[in-house]
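In this note's numbering, the protein residues as written are 18 to 110.
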């Protein structure tokens, strides 16, 4: 039996139980993909025009982002007083 001896030495059995280091490495890789993917799905992905389960979260997110990038009434007034912006040109500021 030439092939019988070769089978025993050629095919190695794998350790079915992963080490803690392997588990941690796998978790880090999953976290690296799953968390940004989840944020993308919740905040950016297009589900159509109808309301969906993420509509409320998206509304809060977009309101927060818009308030962060826009000026408060006090800031607008200060800029108008300095002459840096003209309120008649852009009413959205």
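Just so it is clear, CB atoms sit at the ideal spot from N, CA and C, and this is done for glycine as well.
Excluding its 5 nearest sequence neighbours in each direction, residue 64 has C-beta neighbours in its own chain below 8 Å: 71, listed in chain order. Secondary structure in the region 44-81: no alpha helix (DSSP H) run of 4 residues or longer lies completely within the stretch. Per the coordinates, the alpha-carbon of residue 89 lies some 14 Å from the alpha-carbon of residue 102. Cβ-Cβ distances below 6 Å link residue 96 to 102 in the same chain, with the five nearest sequence neighbours on each side left out; the list follows chain order. DSSP, reduced to helix, strand and coil, places residue 40 within a helical segment of the structure shown.
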